[in-house]
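K.L.:
What follows is a single structure, and I will ask about it in a moment.
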Amino acid sequence: MEILIKNIKYLENAIDLFLDIPEKLIGSELSFRIIKRQANVEIYKHKQVFDSHVGLVNIAAEDFANRTLFHPEEVWDLRVSTEKEDVTVLKGASLSEKTHYLEKQWQGFAWKPYWTKDEQLAFYARYHKDVKAVEVKDVYATRDRLWLKLDACSIVQGDTLVQPTYSEQSTAYFILPIETFSFDQEGHAKTPLTVAVPTEDGKWLTAKSTGNIQTHGEIEVTVTSSADSCMLMLNKPRKTVSVIGSCVSRDNFNSHFNAGYKQDFQFLQLQNQVSIISAVAEPLVINKEDISQLGTWEQNNLLSECRKDFFTTSELANTDYLILDFFSDVYFGVCLLKDSALTNNHWVLHKTDVYQNDLTICTLSEDDEAYFDMWKQAVHQLFEKLSITMPLTKVVLHKARFTDRYLKEDGTVAYFENADRVEQFNKWWDRFDHYVEKNFDVISINVSQEKHLSHENHKWGKFNVHYIDSYYHEFLEKFKHALEIGHS
1 MEILIKNIKY LENAIDLFLD IPEKLIGSEL SFRIIKRQAN VEIYKHKQVF
51 DSHVGLVNIA AEDFANRTLF HPEEVWDLRV STEKEDVTVL KGASLSEKTH
101 YLEKQWQGFA WKPYWTKDEQ LAFYARYHKD VKAVEVKDVY ATRDRLWLKL
151 DACSIVQGDT LVQPTYSEQS TAYFILPIET FSFDQEGHAK TPLTVAVPTE
201 DGKWLTAKST GNIQTHGEIE VTVTSSADSC MLMLNKPRKT VSVIGSCVSR
251 DNFNSHFNAG YKQDFQFLQL QNQVSIISAV AEPLVINKED ISQLGTWEQN
301 NLLSECRKDF FTTSELANTD YLILDFFSDV YFGVCLLKDS ALTNNHWVLH
351 KTDVYQNDLT ICTLSEDDEA YFDMWKQAVH QLFEKLSITM PLTKVVLHKA
401 RFTDRYLKED GTVAYFENAD RVEQFNKWWD RFDHYVEKNF DVISINVSQE
451 KHLSHENHKW GKFNVHYIDS YYHEFLEKFK HALEIGHS
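Each residue of the sequence shown is one higher than the one before, starting from 1 at the first, in the numbering used here.
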């Protein structure tokens with residue numbers, strides 16, 4: 001539904017709109033509202049019923065709402081509606097494109113009607129004095145609060161004024177809760193820094209804020225200003241994490257299982273399904289043709305294990321936390337060949353021509369004491385390598401365990417075919433973990449026993465170390481807690 005404006009009459013501090021009222025709207029109550037475009041705030045409201053095609057509406061400045069906060073330049077939109085529908089108000093064909101300011105200002109604002117690009121009526125208002133820019137003098141942030149030091153002003157959030165926490169002469173100090181900022185999944189927040197200064201007649205006008213500052217606290221803060229705006233950017237420094245182990249550790253840093261982990265952590269590198277004995281062994285050269293039976297992911301994992309270059313990559317050198325789990329030693333064992341070793345991964349290695357070479361298989365099930373002796377030597381070599389190549393990295397021991405049960409789609413619990421082996425698997429795993437805890441400085445994390453349950457619909461399928469989602473949630477919470485109480 002449309003209404004045409006046939007004429008505009010300019011008064012000292014008001015305008016009269018002469019309207020062509022459609023037949024359908026005669027006798028209906030029309031609501032005329034003026035809305036501040038920048039803040040979506042109503043500053044004028046008037047209701048009227050027309051009894052003929054000729055309608056007259058008076059819009060007077062004295063009827064504008066006495067709002068506190070304004071921009072030095074404002075755009076106000078006219079919105080008209082009935083009880084059931086919106087009505088578009090358009091410029092009549094005979095009207096001039098030109099409009100002019102009213103003779104009398106409204107509370108320091110010169111104002112006038114104007115036509116939008118689609119020929120609807122709106123209003124433009126401009127404050128009669130220039131507004132001095134506000135300088136950002138300093139900024140700092142912790143995980144809980146943001147400190148701002150500026151020239152005397154207030155901060156604008158939405159259409160609300162936030163007054164300084166403390167003021168001293170011409171300087172204002174603000175302390176804002178970090179939770180008021182909206183961070184994305186990777187811990188970044190970006191928002192305009194809008195400030196306001198008082199006028200002589202008791203209003204507050206938004207002002208340009210200037211400053212180019214970068215500070216490094218618990219949260220990195222950057223202030224940048226341009227001709228159009230001043231931006232406040234917050235970046236939560238994320239702890240970096242790598243894994244020597246298996247999916248049981250890697251999946252805690254997978255958005256499928258822990259959707260928001262990237263706000264606090266950046267995952268760098270995985271040495272997947274590798275025995276500790278293999279991890280510290282001499283490099284091994286193999287032909288890519290010998291592993292052509294594998295997919296790309298499996299090939300890359302095996303080639304990385306052969307190169308034994310995990311400790312020399314630049315990513316690992318920057319790791320804050322290295323998580324270890326001993327799934328592969330418990331479940332696979334190793335193959336000894338050519339003065340080196342590879343994990344006896346029957347899911348991967350056994351498919352390749354490498355497995356046909358002259359090699360010796362060593363597993364816990366064949367001789368657990370011999371394997372444990374070999375593993376102890378390897379784990380000491382591992383921690384020696386870590387002390388040299390990653391001296392600032394903290395080692396986290398993930399005390400995961402096998403489960404003998406899984407949750408079916410119908411909610412019932414069933415046992416794995418290898419359930420009778422789980423107790424022995426876990427005894428071996430206990431022994432590995434106990435040895436490391438006794439001999440090395442590690443942060444140990446284990447998850448509640450009731451969370452050791454697999455699921456038929458797990459992302460990777462049901463398996464003894466593919467757990468229900470609550471397992472990964474609890475691990476991440478315990479990991480965060482361990483960092484907070486003195487290991488960060």
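Here a beta-carbon is modelled for each residue, glycine too, at the ideal position from N, C-alpha and C.
Are the beta-carbon atoms of K288 and Q273 separated by less than 9 Å?
P.N.:
Here residue 288 corresponds to residue number 288 of the sequence shown, with the count starting at 1. Here residue 273 corresponds to residue number 273 of the sequence shown, with the count starting at 1. Cβ distance not < 9 Å, so K288 and Q273 don't count as in contact.
K.L.:
So for F475, helix, strand or coil by DSSP?
P.N.:
Numbered from 1 along the sequence shown, position 475 holds the residue referred to as residue 475. Helix.
K.L.:
Excluding sequence positions up to five away, which residues of its chain have a Cβ less than 8 Å from the Cβ of L19?
P.N.:
The count along the sequence shown starts at 1 and reaches residue 19 at position 19. So the list reads I3, L4, I5, K6, F50, V54, G55, L56, V57, V89, once near-sequence residues are dropped.
K.L.:
Quick check on the burial criterion: 16 or more other C-beta atoms within 10 angstroms. Buried or exposed for I291?
P.N.:
Mapped onto the sequence shown, residue 291 falls at position 291. Buried.
K.L.:
Would you grab the beta carbon distance between F403 and S454 for me? Rounded to a whole angstrom, and I think it's under 8 Å.
P.N.:
Translated into positions along the sequence shown, residue 403 becomes position 403. Translated into positions along the sequence shown, residue 454 becomes position 454. Checking the sequence, you will find Thr at residue 403 rather than Phe. The pair is a contact, with the Cβ atoms about 6 Å apart (cut-off 8 Å).
K.L.:
Measure the alpha-carbon distance for S250 versus F181 and round it to whole angstroms.
P.N.:
Within the sequence shown, numbered from 1, the residue matching residue 250 stands at position 250. Within the sequence shown, numbered from 1, the residue matching residue 181 stands at position 181. What sits at residue 250 in the sequence shown is Arg, not Ser. Roughly 30 Å separates the two Cα atoms.
K.L.:
Exposed or buried, R37, counting other C-beta atoms within 10 Å across all chains shown (16 or more means buried)?
P.N.:
Here residue 37 refers to the residue found at position 37 of the sequence shown. Exposed: under 16 other Cβ atoms inside 10 Å.
K.L.:
By alpha-carbon positions, which one of P237, K45, K408, E456 ends up nearest to E220?
P.N.:
What you label residue 220 is simply residue 220 of the sequence shown in a count that begins at 1. Ranking the options by Cα distance to E220, first place goes to P237.
K.L.:
Expressed to the nearest angstrom, what Euclidean distance is found between the alpha-carbon atoms of I59 and L121?
P.N.:
Reading the sequence shown from its first residue, position 59 is the one you call residue 59. Reading the sequence shown from its first residue, position 121 is the one you call residue 121. Whole-angstrom Cα-Cα distance: 12 Å.
K.L.:
What span of residues does the alpha helix (DSSP H) with Y331 cover, start to end?
P.N.:
Counted from its first residue, the sequence shown places residue 331 at position 331. Element bounds for Y331: 327-331.
K.L.:
Pull up the distance between the alpha-carbon of F416 and that of L324, whole angstroms please.
P.N.:
Position 416 of the sequence shown, counted from the first residue, corresponds to residue 416. Position 324 of the sequence shown, counted from the first residue, corresponds to residue 324. Spanning the two alpha carbons is a distance of roughly 25 Å.
K.L.:
Per the contact definition of three or more C-beta pairs closer than 8 Å, is the segment 417-434 in contact with the segment 387-394?
P.N.:
Counting Cβ pairs under 8 Å, fewer than three are found: no touch.
K.L.:
Could you spell out where the beta strand (DSSP E) holding Y371 opens and where it closes?
P.N.:
The residue you call residue 371 lines up with position 371 of the sequence shown. No beta strand (DSSP E) contains Y371, which is instead part of the alpha helix (DSSP H) from 368-389.
K.L.:
At the level of alpha carbons, what is the spacing between N345 and Y435?
P.N.:
For this step, residue 345 is matched to residue 345 along the sequence shown. For this step, residue 435 is matched to residue 435 along the sequence shown. Rounded to the nearest angstrom, the two C-alpha atoms are 24 Å apart.
K.L.:
Please report the residue range of the alpha helix (DSSP H) in which R307 lies.
P.N.:
The count along the sequence shown starts at 1 and reaches residue 307 at position 307. That run of the alpha helix (DSSP H) goes 296-307.
K.L.:
Use the C-beta contact count for D430: other C-beta atoms within 10 angstroms, 16 or more gives buried, fewer gives exposed.
P.N.:
Your numbering for residue 430 matches position 430 in the sequence shown. Classification for D430: exposed.
K.L.:
Is DSSP giving S96 helix, strand or coil here?
P.N.:
Translated into the one-based positions of the sequence shown, residue 96 becomes position 96. Coil.
K.L.:
Go to Y435, then tell me how far its alpha helix (DSSP H) extends in each direction, as first and last residue.
P.N.:
Residue mapping note: residue 435 aligns to position 435 of the sequence shown, counting from 1. From DSSP, the alpha helix (DSSP H) with Y435 extends over 419-439.
K.L.:
What does the Cβ neighbour count give for E437, buried or exposed, with the cut at 16 atoms within 10 Å?
P.N.:
For the purposes of this step, residue 437 is taken as the residue at position 437 of the sequence shown. Counting Cβ neighbours within 10 Å, E437 comes out exposed, since fewer than 16 surround it.
K.L.:
What's the call for Q185, buried or exposed, on a 16-neighbour Cβ count within 10 Å?
P.N.:
Position 185 of the sequence shown, counted from the first residue, corresponds to residue 185. Exposed.
K.L.:
Ignore the nearest five residues each way along the sequence and tell me which others in I43's own chain have a CB closer than 8 Å to its CB.
P.N.:
Position 43 of the sequence shown, counted from the start, is the residue given in the question as residue 43. These residues qualify, in order along the chain: I34, I35, K36, F64, A65, R67, W76.
K.L.:
Report yes or no: do the segment 167-177 and the segment 145-158 share at least 3 C-beta pairs separated by less than 8 Å?
P.N.:
They touch, by the three-pair rule.
K.L.:
Can you pull the DSSP bridge partners for H53?
P.N.:
Reading the sequence shown from its first residue, position 53 is the one you call residue 53. Bridge partners of H53: none, in fact.
K.L.:
Provide the residue span of the alpha helix (DSSP H) that contains C492, from first to last.
P.N.:
Because the chain here runs from 1 to 488, residue 492 falls outside it and cannot be looked at.
K.L.:
Compare the C-alpha of L270 against each of V280, P283, G245, I286 and name the closest.
P.N.:
Start at 1 with the first residue of the sequence shown, and residue 270 comes out as number 270. Nearest C-alpha to L270: G245.
K.L.:
Report the rounded CA-to-CA distance for H398 versus V136, giving the unit in angstroms.
P.N.:
Taking the first residue of the sequence shown as position 1, residue 398 is located at position 398. Taking the first residue of the sequence shown as position 1, residue 136 is located at position 136. Each residue's alpha carbon lies about 46 Å from the other.
K.L.:
Let me make sure I understand the geometry here. Which of A125, D309, K24, Y124 has the alpha-carbon closest to that of S81?
P.N.:
Taking the first residue of the sequence shown as 1, we reach residue 81 at position 81. Checked all of A125, D309, K24, Y124; the closest Cα to S81 is K24.
K.L.:
By the three-class DSSP mapping on this structure, what secondary structure does R145 have?
P.N.:
Locating residue 145 in the sequence shown gives position 145, where the first residue counts as 1. In the structure shown, R145 sits in a strand (DSSP, three-state: E or B).
K.L.:
Let me check one thing: in DSSP terms, what residues is N272 bridge-paired to?
P.N.:
The sequence position of residue 272 within the sequence shown is 272, counting from 1. G245, per the DSSP bridge assignment.
K.L.:
Alpha carbons only, please: which of D441, G187, D339 is nearest the one belonging to V379?
P.N.:
By 1-based counting over the sequence shown, the position of residue 379 is 379. It is D441.
K.L.:
Could you check which residue in D368, Q424, H71, K478 has the C-alpha nearest to that of K203?
P.N.:
By 1-based counting over the sequence shown, the position of residue 203 is 203. The shortest Cα separation from K203 among D368, Q424, H71, K478 belongs to H71.
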